[in-house]
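Below: the structure, in structure tokens.
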Amino acid sequence: MITLLILGAVLLLFAAAALAPLESLSWWAGGGATPVEKATLTEEEIAKEAAIPDADFYLLYLSGIGAISGTSIPDEEYPFLEGLAKKLPGGKVITDIYPYSVTNNGLTSNRMFSGVWRQIEKMRLKNPNSVMALIVNLRNVFQLFVSADRRYGPVYNLGIANETYRGLLRNGYRPESGRPIVILGWSGGGQIAIGSVTYLAALPGPIYVISVGGMLSDDVGFDKVDHLWHLYGTADPVQALGGVFFAGRWPILPQSPWNEAMANGKIDIMCLGPYSHNGKGNYFDMNEKLPNDKRQRSYGEKTLDTIAYILTQQDVLKQPLPLSNVDKPVDVSHFIDPPPLLVGNATDDLPSAPVEASTTVPTPGEADRDN
Amino acid sequence: MLENISLYFEYLWKGIIYALQLNPSAYEFVITYPQSKWVVFGIIFLAGVATLLGQSVVLFLNRVRGGRFFFSLVVNGLMFIISYFVWGAIIYIAGRFLFQENVTFGSMFRLVGLSTAPLIFGFFILIPWMGPFLGKVLNVWSFLILINVVQFQFESGFWGALLCVGLGWLLMNLLSNTIGKPIIAVRNRIWRRVTGSSMDATAQDILIQFSTDKGASTMVEGGKQ
Numbered sequence: 230m231i232t233l234l235i236l237g238a239v240l241l242l243f244a245a246a247a248l249a250p251l252e253s254l255s256w257w258a259g260g261g262a263t264p265v266e267k268a269t270l271t272e273e274e275i276a277k278e279a280a281i282p283d284a285d286f287y288l289l290y291l292s293g294i295g296a297i298s299g300t301s302i303p304d305e306e307y308p309f310l311e312g313l314a315k316k317l318p319g320g321k322v323i324t325d326i327y328p329y330s331v332t333n334n335g336l337t338s339n340r341m342f343s344g345v346w347r348q349i350e351k352m353r354l355k356n357p358n359s360v361m362a363l364i365v366n367l368r369n370v371f372q373l374f375v376s377a378d379r380r381y382g383p384v385y386n387l388g389i390a391n392e393t394y395r396g397l398l399r400n401g402y403r404p405e406s407g408r409p410i411v412i413l414g415w416s417g418g419g420q421i422a423i424g425s426v427t428y429l430a431a432l433p434g435p436i437y438v439i440s441v442g443g444m445l446s447d448d449v450g451f452d453k454v455d456h457l458w459h460l461y462g463t464a465d466p467v468q469a470l471g472g473v474f475f476a477g478r479w480p481i482l483p484q485s486p487w488n489e490a491m492a493n494g495k496i497d498i499m500c501l502g503p504y505s506h507n508g509k510g511n512y513f514d515m516n517e518k519l520p521n522d523k524r525q526r527s528y529g530e531k532t533l534d535t536i537a538y539i540l541t542q543q544d545v546l547k548q549p550l551p552l553s554n555v556d557k558p559v560d561v562s563h564f565i566d567p568p569p570l571l572v573g574n575a576t577d578d579l580p581s582a583p584v585e586a587s588t589t590v591p592t593p594g595e596a597d598r599d600n
Numbered sequence: 134m135l136e137n138i139s140l141y142f143e144y145l146w147k148g149i150i151y152a153l154q155l156n157p158s159a160y161e162f163v164i165t166y167p168q169s170k171w172v173v174f175g176i177i178f179l180a181g182v183a184t185l186l187g188q189s190v191v192l193f194l195n196r197v198r199g200g201r202f203f204f205s206l207v208v209n210g211l212m213f214i215i216s217y218f219v220w221g222a223i224i225y226i227a228g229r230f231l232f233q234e235n236v237t238f239g240s241m242f243r244l245v246g247l248s249t250a251p252l253i254f255g256f257f258i259l260i261p262w263m264g265p266f267l268g269k270v271l272n273v274w275s276f277l278i279l280i281n282v283v284q285f286q287f288e289s290g291f292w293g294a295l296l297c298v299g300l301g302w303l304l305m306n307l308l309s310n311t312i313g314k315p316i317i318a319v320r321n322r323i324w325r326r327v328t329g330s331s332m333d334a335t336a337q338d339i340l341i342q343f344s345t346d347k348g349a350s351t352m353v354e355g356g357k358q
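Just so you know, the protein sequences line up as chains L and Z, in that order. Each residue of the first sequence is one higher than the one before, counting from 230 in the numbering used here. Each residue of the second sequence is one higher than the one before, counting from 134 in the numbering used here.
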């Protein structure tokens, strides 16, 4: 009986996984990907856009696999996003893109099972650790793999790129301005960010990706991105899975997009410290203090500082905060890759003094562009 | 009538399960009862439908939808039956040549048809990331059943069966590239007629089309309209 139940559960899981690509494929088959149609704004949106002054840069936030819609993300991320907007004066932070739907259609929006998702959202609000909340994660992790799959990725990532582009336009982005675009992808959002870059890179102006604990594949987007920074914690085994699951990230395949980007210096891998993927001491934790931090910052504050530091160094952040407030993170990109499944407390690994970056980060003008 | 249908599905279910388990009683059954060909037809048809479903990304990319989509699945099931009919004939010829055993073509075809049973799970090839790997596992499973049935039919031992299937594979390739070419052309024409598409768009093409300057500028211009 138990064997049958386990077998049934496995089959159900496999069936759910097999159905995962159908949303994006149906969207494509239905002609939904016609670029002119999808990226067209309404008159109201155009009027609104015209009234918004140019920002110095546009930062798009793509949430992790816990997101239910563009406006409903796990609670812990909200203070972080508020902090992000404060830390990046002159930049426009855009947070309403749902990266797990090619039409930016949240799970609680106009869908067949939106009622079920709404119930799950309510349960999650009451108890964030509810088992039902894991269903959201499972559904979204399948979409992450759709993005990373060479068969489906070109369609999925096109949809996300279209919606991302619409999001930029809604927030006053004008392609002719050539302003830099930064995509900040957390966890699964990291993979989807690099996937959408495949298309967004054709826009004028540089495009950068900052992956925060992202599970990255060897996406073809690495050929197109100007630069990617991967921030990780030593107690975060999830982000390391990308280097295990995707063969293109193994050193034995030097011609893969990931390995070529590494060889060309397009990727910087930066260790933040003893961060975990979830729970206490995660990348967004604005309460828990870092051990041995001179400024007694929280985990989240250091993540924000690191992002601000990267963008200042890159000359994207035009009105930076004084550098004295910003710690330089350790750059370990010359170590090829973070050790897979590295876990445990790495407090001792934290630098007592700032360490200079070991590789030269290209400025926007110097960055390679492949189009 | 209903009873017969129910009996048919019962046999079909048992045939699939026994074949998956490489159970010799299934081989015995299809050799003994010629009417078991309908059960074997059912297995091959389902395998064909499931395999195309697993690889249906090609249908979606070429924007084959609705009735044509389902018709494509059915046609693929029928094409699978024809393909395994030919495959059965080739294994029969190779086996007769190698082992001089007096077996009938019908029983050989039915046995070879049983080897498609694992492909009924071909639907799982759709699974992102691990789908292609699962597809390979299913093919290996199917190959093992094929070796097993050849061993059973010709009492040839593992290496003899392997030689027989290898020889069959060579013959199949030889035929495909010679007298089989017009047949393949007809098959492709039927396929195009059914799907209403040349079926030549791949995910890679879409990527190239939209990531070139032309595609991207269309996207940008679209946004400004």
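We put the beta carbon where it would ideally sit given N, CA and C, even for glycine.
Assignment of Gly382(L) by DSSP, reduced to helix, strand and coil, places it in the helix class.
In the DSSP assignment, His459(L) is bridged to Ser440(L), Ile498(L).
Judged by pairs of C-beta atoms under 8 Å, the segment 217-228 of chain Z does not touch the segment 201-209 of chain Z, as fewer than three such pairs exist. A direct Cα-to-Cα measurement between Tyr512(L) and Tyr504(L) gives close to 6 Å. Excluding residues up to 5 positions away in sequence, Gly255, Phe256, Phe257, Ile258, Leu259, Gly264, Gly268 lie with their Cβ nearer than 8 Å to the Cβ of Gly187(Z) in the same chain. Check the Cα spacing between Tyr538(L) and each of Leu313(L), Met352(L), Ile281(L): the tightest is with Leu313(L). Residue range 231-248 is occupied by the alpha helix (DSSP H) that includes Leu234(L), with no beta strand (DSSP E) assigned at that position.
Contact with chain Z is absent for Ser416(L), since none of that chain's Cβ atoms lies less than 9 Å from the residue's Cβ. Inclusion of Gly477(L) and Gly442(L) in the CB contact set at 9 Å is not warranted, their separation being larger than that value. With a threshold of 9 Å between beta carbons, Trp292(Z) makes no contact with chain L.
Contact with chain L is absent for Ile278(Z), since none of that chain's Cβ atoms lies less than 9 Å from the residue's Cβ.
Shown in chain order are the members of the segment 259-270 of chain Z whose Cβ falls below 7 Å from a Cβ of chain L: Leu259, Ile260, Pro261, Trp262.
Here Leu354(L) has no same chain residue with a Cβ atom under 6 Å from its own Cβ, once five neighbours each way along the sequence are excluded. Contact annotation: in the segment 193-218 of chain Z, residues whose CB is within less than 9 Å of a CB in chain L are Phe193, Leu194, Asn195, Arg196, Val197, Arg198, Phe202. For Val190(Z), the C-beta contacts it makes with chain L under 8 Å involve Pro250, Leu254, Arg380, Tyr381, in order along the chain.
Note: Trp302(Z) is not bridge-paired with any residue in the DSSP secondary-structure output.
If you ignore the 5 residues before and after Pro157(Z), its C-beta comes within less than 7 Å of the C-beta of Phe285, all in its own chain and listed in chain order.
For Ala258(L), the nearest beta carbon of chain Z is closer than 9 Å to its own beta carbon. Gly210(Z) places its beta carbon 9 Å or farther from that of Val173(Z). Going by C-alpha positions, Arg196(Z) is about 22 Å away from Tyr329(L). In the three-state reduction of the DSSP assignment, Lys523(L) falls in the coil class.
Taking 8 Å as the upper bound for CB-CB distance, Trp487(L) and Asp447(L) are in contact here, some 4 Å apart. If the five residues before and after Met352(L) are omitted, its C-beta is found closer than 8 Å to the C-beta atoms of Ser359, Met361, Ala362, all from its own chain and listed in chain order. Following the DSSP letters along the chain, one finds Tyr402(L) in no beta strand (DSSP E), marked with neither H nor E.
As a beta-bridge residue in DSSP terms, Ala464(L) pairs with Ser505(L). Secondary structure note for Phe475(L): it is in no alpha helix (DSSP H), with a DSSP letter that is neither H nor E. Listed by position along chain Z, the residues whose Cβ is nearer than 9 Å to that of Val375(L) are Pro261, Trp262. Comparing C-alpha distances from Gln154(Z) to each of Val319(Z), Ser189(Z), Val327(Z), Ser248(Z) shows the shortest one belongs to Ser248(Z). Tyr166(Z) is classed as exposed because its beta carbon has fewer than 16 other beta carbons within 10 Å across all chains shown. Within the segment 329-356 of chain L, the runs of alpha helix (DSSP H) that reach at least 4 residues and sit entirely inside it are, in chain order, 343-355. DSSP places Ile326(L) outside both helix and strand once states are collapsed to three, so it counts as coil. For Ile412(L), the uninterrupted beta strand (DSSP E) segment begins and ends at 410-415. Shown here, Lys321(L) sits in a strand according to DSSP, grouped into three states. Phe202(Z) sits in a helix when the DSSP states are folded into three classes. Chain-order list of chain Z residues neighbouring Phe371(L): Pro261, by C-beta distance under 8 Å.
Proximity of Gly187(Z) to chain L, defined by a Cβ-Cβ separation below 9 Å, is satisfied.
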